[in-house]
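Just so we're aligned: the sequence shown equals residues 22 to 304 in the working numbering. So the structure is just underneath, and the comments pick up after that.
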Amino acid sequence: MPIDTNEIARIIEPSLEAMGYRLVRVVLTGTQRPTLQVMAERRDEAAMTVDDCAGISRSISALLDVADPIAGAYLLEVSSPGIDRPLVRPEDYDRFAGFEARIDLVAPLDGRKRFRGRLLGRAEQHVRLVGETGEVRLPLAAIARLLGEIARRDLDNIRMFADDARLLLDCLKPASIGRVFILFPDPWPKQRHHKRRLVAPATLDRLASVMQPGAELRLATDDRLYLAWMLEHLTGHPDFLWTARTPADWRERTPDWPATRYEEKARAAGRTPAFLRFIRRAS
Ligand SMILES: C[S@@+](CC[C@H](N)C(=O)[O-])C[C@H]1O[C@@H](n2cnc3c(N)ncnc32)[C@H](O)[C@@H]1O
Numbered sequence: 022m023p024i025d026t027n028e029i030a031r032i033i034e035p036s037l038e039a040m041g042y043r044l045v046r047v048v049l050t051g052t053q054r055p056t057l058q059v060m061a062e063r064r065d066e067a068a069m070t071v072d073d074c075a076g077i078s079r080s081i082s083a084l085l086d087v088a089d090p091i092a093g094a095y096l097l098e099v100s101s102p103g104i105d106r107p108l109v110r111p112e113d114y115d116r117f118a119g120f121e122a123r124i125d126l127v128a129p130l131d132g133r134k135r136f137r138g139r140l141l142g143r144a145e146q147h148v149r150l151v152g153e154t155g156e157v158r159l160p161l162a163a164i165a166r167l168l169g170e171i172a173r174r175d176l177d178n179i180r181m182f183a184d185d186a187r188l189l190l191d192c193l194k195p196a197s198i199g200r201v202f203i204l205f206p207d208p209w210p211k212q213r214h215h216k217r218r219l220v221a222p223a224t225l226d227r228l229a230s231v232m233q234p235g236a237e238l239r240l241a242t243d244d245r246l247y248l249a250w251m252l253e254h255l256t257g258h259p260d261f262l263w264t265a266r267t268p269a270d271w272r273e274r275t276p277d278w279p280a281t282r283y284e285e286k287a288r289a290a291g292r293t294p295a296f297l298r299f300i301r302r303a304s
């Protein structure tokens with residue numbers, strides 16, 4: 022079983038936070054005798070000392086002894102972020118003003134997605150960067166949080182497609198996908214916009230062809246009318262089977278189904294999400 026560094030981060034992060042540190046990254050290298058590298062920094066932004074690292078190391082060792090996510094012996098290395106530290110929070114663009122940085126955008130700006138230069142901090146909803154061609158202002162919203170998170174956790178099993186997901190469906194091999202999530206897609210409430218809805222007969226046909234028999238399609242929405250639409254189109258589709266037996270099955274997520282930012286916003290606004298699971302039938 023591969024060791025899940027996200028799981029390790031979940032185990033250690035609350036205690037690091039409580040001790041006054043911020044977890045920057047968890048990386049596991051090597052297989053025979055793996056090395057667990059934990060990068061952390063002080064929340065008060067003071068420099069990390071050897072004592073800080075020793076204290077963190079003791080606490081992490083104790084937590085991991087109990088939770089035991091790594092079978093067998095491993096080496097633990099606690100370090101503070103160096104020159105190549107990932108920029109993971111909006112405040113980081115101010116904190117590291119003056120440093121050289123590389124920033125990736127989700128969508129091109131003037132034909133480019135990758136920018137390199139000296140950080141000048143934030144200005145309203147932008148990050149200022151001076152590169153070879155002068156100053157650029159990169160919209161914070163376009164700097165993918167996901168990219169920061171991928172760097173923070175050093176993940177190499179994620180691919181992003183920053184365009185209409187339906188285009189991607191056309192390029193996937195038949196029966197190649199084991200699980201699909203469509204989480205809180207835009208409901209397009211006006212009747213004349215219904216054709217823009219992601220859950221639609223044409224998308225479901227394409228999904229059915231790329232999903233393996235037995236694969237799961239998971240959907241979430243907080244929009245009552247879109248929920249009714251999803252149920253109507255999916256229960257009427259010959260390739261999908263709804264798995265719910267009791268109301269708890271659509272009212273609650275299972276632990277292997279993480280909450281999204283939109284779900285948190287919906288709940289904070291008093292809306293109740295529904296979670297639907299469908300199985301791709303064997304044809
Ligand atoms: C309400 S947000 C939910 C975002 C996120 N899934 C969450 O739960 O926090 C809806 C998202 O669906 C994306 N979206 C809508 N139609 C799409 C499509 N055809 N292909 C890819 N993304 C789409 C929008 O860009 C938007 O980010």
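C-beta atoms are modelled at their ideal positions from N, C-alpha and C, and glycine is treated no differently. Fair warning: this is a prediction, and the values are worked out from it, not measured in the lab.
Start and end residues, alpha helix (DSSP H) containing residue i
i	result
His-254	245-256
Arg-227	222-231
Ser-82	71-88
Ile-124	Element bounds for Ile-124: not the alpha helix (DSSP H) but the beta strand (DSSP E), 121-130.
Tyr-42	Counting along the chain, Tyr-42 falls outside any alpha helix (DSSP H), though it belongs to the beta strand (DSSP E) covering 42-50.
Arg-116	113-116
Cβ-based neighbour list, residue i, same chain, cut-off 8 Å, excluding 5 preceding and 5 following
i	result
Pro-222	His-254 and His-258
Pro-294	Phe-205, Ala-241, Thr-242, Asp-243, Glu-284, Ala-287 and Arg-288
Arg-272	Thr-293, Ala-295 and Phe-296
Pro-90	Ile-24, Asp-25, Glu-28, Ile-29 and Ile-32
Helix, strand or coil at residue i [DSSP, three-state]
i	result
Arg-241	Note that residue 241 is Ala in the sequence shown here, rather than Arg. If DSSP states are grouped into helix, strand and coil, Ala-241 belongs with the strands.
Pro-234	strand
Leu-193	coil
Gln-53	coil
Glu-98	strand
Ala-303	coil
Ile-171	helix
Arg-200	strand
Met-187	It should be noted that the sequence gives Arg, not Met, for residue 187. Three-state DSSP puts Arg-187 in a helix.
Ala-68	coil
Ala-163	helix
Arg-213	helix
Gly-93	coil
Met-181	coil
Arg-63	strand
The beta strand (DSSP E) enclosing residue i, as first and last residue numbers
i	result
Lys-134	133-144
Pro-35	No beta strand (DSSP E) holds Pro-35; the alpha helix (DSSP H) holding it covers 26-39.
Leu-219	Neither: Leu-219 is in no beta strand (DSSP E) and is coded neither H nor E.
Arg-149	147-152
Residue i: CB within 6 Å of a non-hydrogen atom of ligand 2
i	result
Arg-135	Absent from the structure shown: ligand 2. Ligands present: ligand 1.
Beta-carbon contacts of residue i that lie in its chain and below 7 Å, excluding the five residues immediately before and after
i	result
Pro-279	none
Leu-262	Phe-299, Ile-300 and Arg-302
Thr-209	Per the sequence shown, the amino acid found at residue 209 is Trp instead of Thr. These residues qualify, in order along the chain: His-215, Arg-217 and Arg-218.
Pro-102	Val-45, Met-60 and Glu-62
Min CB distance residue i to chain E below 7 Å
i	result
Ala-280	Although the question refers to chain E, the structure presented lacks it and comprises just one protein chain.
Cβ-based neighbour list, residue i, same chain, cut-off 6 Å, excluding 5 preceding and 5 following
i	result
Arg-274	Phe-296
Under 8 Å: do the region 35-45 and the region 80-90 share three or more Cβ pairs, one atom per stretch? yes
I'd like to know if the region 57-72 and the region 193-210 are in contact, where contact means that at least 3 CB-CB pairs between them fall below 8 Å. no
Extract the residue ranges of the alpha helix (DSSP H) inside the region 254-300, only unbroken runs of 4 or more that lie entirely within it. 269-272 and 282-289
Between the region 114-127 and the region 83-97, can you find at least three pairs of beta-carbon atoms closer than 8 Å? no
Contact between the region 199-215 and the region 230-240 (3+ Cβ pairs under 8 Å): yes
Evaluate the contact criterion for the region 185-192 versus the region 142-154: three or more CB pairs, one atom per stretch, below 8 Å. no
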